[in-house]
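Protein chains: 2
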Amino acid sequence: MQTFTEENYLKTIFFLSIGTDQWVSTNALAESTNTRAASVSDMLKRLAEKELINYQKYRGVRLTDEGERLALLVIRKHRLWEVFLAEKLQFGWDEVHVIAEELEHIRSERLIEKLDAFLGYPQFDPHGDPIPNAKGQMPELSYRKLSEVMTGKTVLMMGVCEHSPAFLQHLDKSGLTLGCSLKVEEINTFDQSICVLIDNQHPLFVSHEVAKNLLVK
Amino acid sequence: MQTFTEENYLKTIFFLSIGTDQWVSTNALAESTNTRAASVSDMLKRLAEKELINYQKYRGVRLTDEGERLALLVIRKHRLWEVFLAEKLQFGWDEVHVIAEELEHIRSERLIEKLDAFLGYPQFDPHGDPIPNAKGQMPELSYRKLSEVMTGKTVLMMGVCEHSPAFLQHLDKSGLTLGCSLKVEEINTFDQSICVLIDNQHPLFVSHEVAKNLLVK
DNA sequence: TAATATTTTTAGATTAGTCTAAATTTTTTA
DNA sequence: TAAAAAATTTAGACTAATCTAAAAATATTA
């Protein structure tokens, strides 16, 4: 049985590992968890003791299979609660993360399985992120970024890379919602900004900064 | 902002104060919180420091107005979550308490107000206990115990005193649910056990021990 | 490759919440 | 009402999670 803090470390290590086959560094963890490197070192010893991570002094950490399974179960809970908050309680997609950060630590397997059923076994959270299954497995998704799409192509908005409220509120204001179609009309060579047509109706100017953070297929 | 532990102490002091105008004793708190008297003394100093209780050494504690308000807000959250678990997730009334003990500490006013709305502003939790309002006020209910009802009278089952899973499961097995009508057919003078007629249909034998824990009107 | 810079770990403290054992206060009782 | 019993508090210690400052290891660079 893990503490809240241990669960948060596992989750953080998981996210920092994604995409790289590198070991996660102490400093990266300190930054992500808003603590100091010394505190991270302490915690890593504890997690290694419990065999949830492989830890090599000065070299970094990796999740063990069990550590990854636990991390994914926490992420599963987080994302299911986000769906609940957005769909049932009408919270905005920019608001759900903070509350789910607390709810994800509620310990009851039955609760989460019943919640899953109540929500109709959703596959994605309100940001388009996939929801791991009860065994702690998550499908690999291979979406492109909008910034990589060629002029003239039409794609569907499937998710976001950036999850900050500020970014999500910006998308709301721009009329960019999950599932909308985006036709790339023009890419400005100067600053990589893009003109898109949303759902074949509304034109929109999208900065490169934003385009880099939109996942499409 | 209180910690989980502080919130639990406030809640416990509140429940131990109900009905009596006595001050709550250190030992009573130690028993309720499954800690030692010494630990309680420590915590009481902290809570007194924060002006959430009036604490007189060796004499006991009382909640201040602010302490009572906070206790009632925790109870509000607890009971609203219980309604959610029972009505939306189909948990039994014997299962909801344990999970709500964790959910009651989630910190978001907006969450609890939206949950309240989602549930249709329920007035009672699955055990018939009243739900405090957002200001931290709870209606006084004056129900009798079934053990105090005269032979021949018909009453409605409104709540329970005892909340243990074992007791609630016993009621389930007996067919005693909130809102059912109970006609007292006979009271055995020997052991105070009672014969009742449930909903004018099924006869049932009720021990004094059970009757003492059923609230009726 | 030696000197410097960066990263990481260790050492030693701190806080919340808990404990046991001993001291103190209050209550009960003879 | 003094002695015994019960309740409560204090003293001192422990654990988890954190911190700062210093030491040690690794990486960079001239």
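Chains as they are written, first to last, in this note's numbering: chain A, 12 to 228; chain B, 12 to 228.
Note that CB positions come from ideal geometry on N, CA and C, so glycine has one too.
Considering only C-alpha positions, which residue in the set Lys223(B), Val227(B) and Leu187(B) is nearest to Pro214(B)? Position 203 of the second sequence, counting from 1, holds the residue named residue 214(B). It is Leu187(B) whose Cα lies nearest to the Cα of Pro214(B).
I'd like to know whether the C-beta atoms of Leu91(B) and Leu63(B) end up nearer to each other than 8 Å. Taking the second sequence and counting its residues from 1, one reaches residue 91(B) at position 80. Taking the second sequence and counting its residues from 1, one reaches residue 63(B) at position 52. Not in contact: Leu91(B) and Leu63(B) (Cβ atoms no closer than 8 Å).
Ser158(A) to Phe201(A), Cα distance in whole Å? As a first step, residue 158(A) must be located in the first sequence, where it is residue number 147. As a first step, residue 201(A) must be located in the first sequence, where it is residue number 190. Distance between the alpha carbons of Ser158(A) and Phe201(A): 14 Å.
Specify the secondary structure class of Met54(B) as computed by DSSP and reduced to three states. Indexing the second sequence from 1 puts residue 54(B) at position 43. Helix.
Would you give the residue range spanned by the alpha helix (DSSP H) that Gln180(B) belongs to? Along the second sequence, read from residue 1 onward, the residue named residue 180(B) stands at position 169. Pro176 to Ser185 is the span of the alpha helix (DSSP H), which, as asked, contains Gln180(B).
Bridge partners of Asn65(B), per DSSP? Taking the first residue of the second sequence as position 1, residue 65(B) is located at position 54. BP columns for Asn65(B) point to Arg73(B).
One question on the structure: do Leu225(B) and Met168(B) come within less than 8 Å of each other, judged by their Cβ atoms? Position 214 of the second sequence, counted from the first residue, corresponds to residue 225(B). Position 157 of the second sequence, counted from the first residue, corresponds to residue 168(B). The answer is yes: Cβ separation under 8 Å.
Positions along the segment 86 to 114 of chain A whose CB lies within less than 9 Å of some CB in chain B: Leu96, Lys99, Leu100, Gln101, Phe102, Glu106, Val109, Ile110, Glu113 and Leu114
Distance, Cα to Cα, Gln101(B) vs Arg57(A)? Translated into positions along the second sequence, residue 101(B) becomes position 90. Translated into positions along the first sequence, residue 57(A) becomes position 46. Going from the Cα of Gln101(B) to the Cα of Arg57(A) covers about 38 Å.
Beta-carbon proximity list for Lys223(A), same chain, < 6 Å, skipping 5 on both sides: For the purposes of this step, residue 223(A) is taken as residue 212 along the first sequence, with counting starting at 1. So the qualifying residues of the chain are Lys156 and Ser158.
N- and C-terminal bounds of the alpha helix (DSSP H) containing Lys22(B): Sequence index remark: in the second sequence, residue 22(B) carries index 11 (1-based). Element bounds for Lys22(B): Phe15 to Ser28.
For Arg57(B) and chain A, any beta-carbon pair shorter than 8 Å? Taking the first residue of the second sequence as position 1, residue 57(B) is located at position 46. By this cut-off, Arg57(B) is not an interface position.
In chain order, what residues of the same chain have a beta carbon less than 7 Å from the beta carbon of Lys146(B), not counting five sequence neighbours either side? Locating residue 146(B) in the second sequence gives position 135, counting from the first residue. So no residue of the chain qualifies.
Chain B beta carbons: is any one of them nearer than 8 Å to that of Lys22(A)? Your numbering for residue 22(A) matches position 11 in the first sequence. Closer than 8 Å: no.
Counting only the same chain and skipping the five closest in sequence on each side, list residues whose C-beta sits under 7 Å from that of Val207(B). One-based indexing of the second sequence puts residue 207(B) at position 196. Closer than 7 Å at the Cβ level, and outside the excluded window around Val207(B), lie Leu193, Lys194, Val195, Glu196, Leu215 and Val217.
Around the C-beta of Ile29(A), are 16 or more other C-beta atoms found within 10 angstroms, so that it is buried, or is it exposed? As a position in the first sequence, residue 29(A) is number 18, starting the count at 1. The residue is exposed, with fewer than 16 neighbouring Cβ atoms inside 10 Å.
Per-residue burial, Lys61(A) [other beta carbons within 10 Å of its own, 16 or more giving buried]: Looking up residue 61(A) in the first sequence gives position 50. Its Cβ having fewer than 16 others within 10 Å, Lys61(A) is exposed.
Taking the beta carbon of Thr37(A) as the centre, do at least 16 other beta carbons fall within 10 Å, making it buried, or is it exposed? If you number the first sequence from 1, residue 37(A) lands on position 26. Result: buried.
Whole angstroms are fine: how far does the CA of Thr44(A) sit from the CA of Lys22(A)? As a first step, residue 22(A) is located in the first sequence; it is residue number 11 there, counting from the start. As a first step, residue 44(A) is located in the first sequence; it is residue number 33 there, counting from the start. When rounded, the distance between both Cα atoms is 10 Å.
Let me confirm a value: Asn19(B) is counted as buried when at least 16 other C-beta atoms fall within 10 Å, else exposed. Which label applies? As a working mapping, residue 19(B) is identified with position 8 in the second sequence. When all chains shown are included, Asn19(B) counts as buried.
Take the Cβ of Leu74(A) as the centre, count every other Cβ of all protein chains shown within 10 Å, and call the residue buried at 16 or more, exposed below. Here residue 74(A) refers to the residue found at position 63 of the first sequence. Leu74(A) is buried by the Cβ-count criterion.
Cutoff 8 Å: Lys125(A) Cβ touching any chain B Cβ: Numbered from its first residue, the first sequence carries residue 125(A) at position 114. Yes, its Cβ sits closer than 8 Å to a Cβ of chain B.
Go through its chain and collect everything with a Cβ distance to Leu27(A)'s Cβ below 8 Å, but skip five positions before and after it. Walking along the first sequence from the start, residue 27(A) turns up at place 16. Val35, Ala39, Leu40 and Ser43.
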